[in-house]
Structures are given as C-alpha cells and as structure tokens.
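K.L.:
Take this structure, written in structure tokens, and hold onto it; I'll ask about it next.
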Amino acid sequence: MSLLDVTIVNVAIPSIQEGLDSTASTVQWVVSGYALTFGLTLVAGGRLGDAYGRRRLMVVGLVAFVVSSAAVGFAPNAELVVLARLAQGAAAGFLTPQSSGLIQQLFSGAERGKAFGYFGLTVSLASATGPLLGGAIIGVAGEENGWRLLFLVNVPIGLVALVAVALLVPGRDHD
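In our numbering, the protein residues as written are 1195 to 1369.
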C-alpha cells in the first residue's frame, strides 16, 4: 500500500492541480513531500520496530497511513493535501521496514529466501501497476475529483490490513 502510493499519484498531478485550483509547484509537493518524509523516517521506523516490536510499529504505521490517506482525500485545499501527504509519507516510512523485519524474524533458510522473493514481487507489482490503477480510477471517477479516490481507497484496504495484522502477525514475545 505504501509503495503503491509512490507511483499511483504521479498520474493524478494534473487532476489535483485542476481540482484544487493550485499551482504546479505546490502540487509537486504532493509527490516530493511524501518521498521526503518516507525516506527520512525509514531507518528510524526499522529501528523502532526492532526496539518496540514490529507488530506494534506496523499497527501504528497502518493507522497513521489510513488517517493521513483520509485526510488527503477530504482536504479542501492544496496546502492541507501537502501536509497530509507529508504525514502519509512518514507513516509509510514507519510501516514499510516492518515487512522485511518480519520476514527476517519469522522465516529461515530457503523459506526466508522464498518470502523475500514474494515480497520483491509484490513491491515490483505495486510500483508497476500504480500509474495504471491511478489512470483507471481517475478515468472512471472523473478528472476534477477522481484523484481523491486514489487516497480514499487506502482506507478500506488499510482497515483490512489492520485486521490481518491483528490475526496473523505475532506479538512482541516472538521478537
């Protein structure tokens, strides 16, 4: 979800600019701000997962990602979209390293290699399909406000992911 958001938004830049009647430079922060805060929090997110538990950080990251996604989708102006995207990028930075940490923790030997292979496939597919999905969603929902759905779709997906984490990811005693 967090890596898909890096590429899905690129096709929405003209729609966001038009829908919010904003400048190109302001809307560019929708992409750049996410990438900036994502990169700034990635290492800290991994370290915090090591220290306090990957499941806990995954839940915190997912909740923050879902809330910030909703904030982007409902933002009334470009400035609030940018602020929410900064928060969304930071949430993604805390969320993303937990996946590789959990693979390292839960798998060993050939199974670990297989799990990382599936993880790599998932990352590749998310990156490759982002622009296609973004274009399709905007095409169906319309240019002016269709871009909002790119972010609001994260809400139900994130809620399902939270349930999956609660049911499937072991707690701190397994760290």
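For each residue, glycine too, the CB sits at the ideal point set by N, CA and C.
This structure is a prediction, so every number in the text was calculated from the model and none was measured.
#1: For Ala-1229 and Ala-1284, I'd like the C-alpha separation in whole angstroms.
#2: What is the DSSP secondary structure of Asp-1244, counted as helix, strand or coil?
#3: If you reduce the DSSP assignment to three classes, tell me which class Pro-1364 lands in.
#4: List the endpoints of the continuous alpha helix (DSSP H) containing Glu-1212.
#5: Does the Cβ of Pro-1291 have 16 or more other Cβ atoms within 10 Å, making it buried, or fewer, making it exposed?
#6: Is Ala-1322 helix, strand or coil by DSSP?
#7: Round the Cβ separation of Leu-1346 and Asn-1271 to the nearest angstrom and send it over; I've been treating them as touching at under 8 Å.
#8: Measuring straight from C-alpha to C-alpha, what distance separates Ser-1294 and Thr-1235?
#9: When the distance is taken between beta carbons, is Gly-1307 closer than 8 Å to Thr-1231?
#10: Using alpha carbons as the reference points, say which of Asp-1199, Ala-1258 and Ala-1218 lies closest to Leu-1356.
P.N.:
Here's the rundown:
#1: 9 Å
#2: helix
#3: coil
#4: 1207–1214
#5: buried
#6: helix
#7: Not a contact, Cβ separation roughly 17 Å.
#8: 15 Å
#9: no
#10: Ala-1258
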